[in-house]
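Participant: Residue numbers (our numbering): 15 to 269.
Every residue, glycine too, gets a C-beta built ideally from N, C-alpha and C.
First, the structure itself, so that you have it in front of you.
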């Protein structure tokens, strides 16, 4: 058995792969800790300009490995691990792309929805599985779902725990795009490459859109002005303006 989390960086793209395929990448303690460490490393590494999160084998992530809970209070596991990595994804000022290659269940759905962009393979699916074992949604599910699809549809998914196909997920707004399985890796590489070639302002865009969901208009307007000043002072903005004047494609460096 290999490392529970794989971490690679190439041409600005950091790929974090949950690597417990025999358990559909369900989380145990080692995978939680490896995932948290990988997210922290991606945040501090200036060579990383976007992050892709995916799963090994035929699953994306089946949530918690119930066999690994033992006698630990489940609330403690949620607070210590799930809440930590959800917070890291949301606060990471680099675009995060979920490459949902297979089934995502329980907190695996929350993991995908916490990301900034979601690509799903045609054969992939989402299952709000908590109710099926007598539990409640966690890892931000009750935050993300009603914001993305509205109260009544969120209640339907949470109360019935039915499987949602990739096509239905796209129709509901739970993912950006569905890609045929045979073209999935190429589509992920294309989007990740475009993100990695983007300007420094992408991280600030992420912050703005996130705050725009939660803060009153006057606060968002002030934050826009503040971050616009920061963006305008960046090397990437100077390059972008120069490239526009010279009628060429910009060469952003993430600075």
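Can you name the start and end residues of the alpha helix (DSSP H) that residue 258 belongs to?
Facilitator: Element bounds for residue 258: 249-259.
Participant: What is the residue span of the beta strand (DSSP E) that residue 89 lies within?
Facilitator: Segment 88-91 is the alpha helix (DSSP H) holding residue 89; no beta strand (DSSP E) there.
Participant: Is the region 65-75 touching the region 23-42 in the sense that three or more CB pairs, one from each, lie closer than 8 Å?
Facilitator: Segments in contact, yes.
Participant: How many angstroms separate the CA atom of residue 193 from the CA atom of residue 115?
Facilitator: Going from the Cα of residue 193 to the Cα of residue 115 covers about 10 Å.
Participant: For the region 154-191, which segments carrying the alpha helix (DSSP H) assignment without a break, of at least 4 residues, lie completely within its bounds, in sequence order?
Facilitator: Listed in chain order, they are 155-163, 165-174, 180-186.
Participant: Look up residue 62 in the DSSP assignment and say whether it is helix, strand or coil.
Facilitator: Correct three-state label for residue 62: coil.
Participant: Here's the rule I'm using: 16 or more other beta-carbon atoms within 10 Å means buried, otherwise exposed. How should residue 204 be labelled?
Facilitator: It counts as exposed.
Participant: Does the distance from the CB of residue 132 to the CB of residue 190 come in under 7 Å?
Facilitator: A contact, by the Cβ cut-off of 7 Å.
Participant: By a C-beta neighbour count over all protein chains shown, 10 Å radius and 16 as the cutoff for buried, is residue 105 buried or exposed?
Facilitator: When all chains shown are included, residue 105 counts as exposed.
Participant: In terms of residues, what are the limits of the beta strand (DSSP E) holding residue 114?
Facilitator: It spans 110-114 - the beta strand (DSSP E) in which residue 114 sits, taken as one unbroken run.
Participant: Considering only C-alpha positions, which residue in the set 169, 17, 58 is nearest to residue 160?
Facilitator: Closest option to residue 160, Cα to Cα, is 169.
Participant: Is it right to say residue 263 is buried, meaning 16 or more other beta carbons lie within 10 angstroms of its own, or is it exposed?
Facilitator: With fewer than 16 other Cβ atoms within 10 Å, it is exposed.
Participant: CB-CB under 6 Å to residue 112, same chain, minus the five flanking residues each way: which ones, in chain order?
Facilitator: Cβ neighbours of residue 112 beyond the five flanking positions: 67, 126, 129, 132.
Participant: For residue 72, decide whether its Cβ has a neighbour in chain D, counting only Cβ atoms nearer than 7 Å.
Facilitator: Although the question refers to chain D, the structure presented lacks it and comprises just one protein chain.
Participant: Return yes when the Cβ of residue 64 is within less than 7 Å of the Cβ of residue 275, no when it is not.
Facilitator: This structure leaves residue 275 out entirely; the chain is present only between 15 and 269.
Participant: State buried or exposed for residue 90, treating a residue as buried only when at least 16 other CB atoms are found within 10 Å of its CB.
Facilitator: It is exposed - the Cβ of residue 90 has fewer than 16 other Cβ atoms within 10 Å.
Participant: Does the structure place the region 20-30 close enough to the region 214-233 that three or more beta carbon pairs sit under 8 Å?
Facilitator: Not touching, per the Cβ criterion.
Participant: Compute the beta-carbon to beta-carbon distance between residue 153 and residue 100, rounded to the nearest angstrom, for a pair I have assumed lies under 8 Å.
Facilitator: The pair is a contact, with the Cβ atoms about 6 Å apart (cut-off 8 Å).
Participant: Using C-beta distances below 7 Å, list every residue in its chain close to residue 143, excluding the 5 sequence neighbours before and after it, in chain order.
Facilitator: Correct list, in chain order: 77, 119, 120, 175.
Participant: Measure the Cβ-Cβ separation of residue 108 and residue 139 and say whether it is below 7 Å.
Facilitator: Against a cut-off of 7 Å, the Cβ pair of residue 139 and residue 108 comes out as no contact.
Participant: Between the C-alpha atoms of residue 253 and residue 210, what's the straight-line distance to the nearest angstrom?
Facilitator: Going by the C-alpha atoms only, they are around 16 Å apart.
Participant: State the Cα-Cα distance for the pair residue 123 and residue 260, rounded to the nearest angstrom.
Facilitator: Taking the straight line from one Cα to the other gives about 44 Å.
Participant: Put residue 202 into one of helix, strand or coil per three-state DSSP.
Facilitator: Residue 202 falls in the helix class under three-state DSSP.
Participant: Keeping to the same chain, check which residues put their C-beta closer than 6 Å to that of residue 92; ignore five residues upstream and five downstream.
Facilitator: Taken in chain order, the residues that qualify are 152.
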